[in-house]
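Q: Encoded as structure tokens, here's the structure I'll be asking about.
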């Protein structure tokens, strides 16, 4: 089981802030494909991956990063702090 | 070195005073405040963040500033939640023996926390709401701090 978090417009499009997912995805990209195949709202949220960032256990990561041992995956748009 | 992430407003003047007072080892203190700007019709802004990762990211950025420059201290306060135009969103403070390090480190902190700390701004106005888009210029600003 992996905890998946969504922030900002990804949270709004998918309609929930987080969920626990049973997955055998090897990488972030595999997990995204799994999610997109589930429902339209996921497909819409992940339609343009250039506009999506990912963090694994609260560290920024790339989409080809492996998920082995990861407890928390977060998807969000580019950050706008400051 | 201190990082605070909070919903509550803070007193920028008081924080600056507390940060600058009582130092004998730093001849230069630089502080910066980010304020909610109304470009016309902004009713409020909501700042979402990623609890846990936010503190980690800010901790890493401040530690990196301490490593790169001869700083005696640095401070980051960043709010989340609902804010009105004119309210203070965040501040940074740097204290160094000399001003060049204090200014450079403050700019570094600002550049990094704009695009590497997990905050997202949403603006609400009379015409509805919109997420603030990240600027290419903010991403490019990081390039000047590359150590390669």
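Protein chains in written order, with the numbering used here: chain D, 1 to 82; chain C, 1001 to 1148.
Glycine included, every Cβ here is placed at the ideal spot set by N, Cα and C.
By the 9 angstroms beta-carbon criterion, what residues does the segment 1115 to 1130 of chain C contribute toward chain D?
A: 1115, 1116, 1117, 1118, 1119, 1120, 1121, 1122
Q: Could you give the DSSP three-state label for residue 1054 of chain C: helix, strand or coil?
A: Note: residue 1054 of chain C maps to helix in three-state DSSP.
Q: Going by the C-beta, is residue 1047 of chain C closer than 7 angstroms to any heavy atom of the ligand ATP?
A: The model depicted lacks the ligand ATP and carries no ligand whatsoever.
Q: Shortest alpha-carbon distance to residue 66 of chain D belongs to which of D:82, D:1, D:30, D:46?
A: D:30
Q: Going along the chain, which residues of its own chain have a beta-carbon closer than 7 angstroms to the beta-carbon of residue 1111 of chain C, five neighbours each way excluded?
A: 1141, 1142, 1145
Q: Using the Cα positions of residue 28 of chain D and residue 1028 of chain C, report the straight-line distance between them to the nearest angstrom.
A: 45 angstroms
Q: Can the beta-carbon of residue 70 of chain D be found less than 8 angstroms from the beta-carbon of residue 49 of chain D?
A: no
Q: Which chain D residues sit within Cβ distance under 9 angstroms of residue 1113 of chain C?
A: Within chain D, the residues near residue 1113 of chain C are 79, 81, 82.
Q: Given a limit of 7 angstroms on CB to CB distance, which residues of the segment 32 to 56 of chain D reach chain C?
A: 55
Q: Whose CA, out of C:1052, C:1089, C:1088, C:1083, lies closest to the CA of residue 1118 of chain C?
A: Among C:1052, C:1089, C:1088, C:1083, the Cα nearest to that of residue 1118 of chain C belongs to C:1052.
Q: Would you tell me roughly how many angstroms separate the C-alpha atoms of residue 75 of chain D and residue 5 of chain D, rounded to the nearest one?
A: 6 angstroms
Q: Would you mind stating whether residue 1095 of chain C and residue 1073 of chain C have Cβ atoms separated by less than 8 angstroms?
A: yes
Q: Check whether the segment 1009 to 1021 of chain C and the segment 1068 to 1088 of chain C are in contact - that is, three or more C-beta pairs closer than 8 angstroms.
A: yes
Q: So residue 1149 of chain C and residue 1093 of chain C are supposed to be a Cβ contact under 8 angstroms. How far apart are they, rounded?
A: Missing from the structure shown is residue 1149 of chain C; chain C here goes from 1001 to 1148 and no further.
Q: Comparing the C-beta of residue 1037 of chain C with each C-beta of chain D, is any distance below 8 angstroms?
A: no
Q: For residue 1113 of chain C, report the span of its alpha helix (DSSP H) as first-last.
A: 1099 to 1116
Q: Would you identify the three-state DSSP class for residue 1135 of chain C, choosing helix, strand or coil?
A: It is coil, neither helix nor strand.
Q: Against chain D, which members of the segment 1055 to 1067 of chain C pass a CB distance test of less than 7 angstroms?
A: 1056
Q: On the criterion of 16 or more Cβ atoms from any shown chain inside 10 Å, does residue 24 of chain D qualify as buried, or is it exposed?
A: exposed
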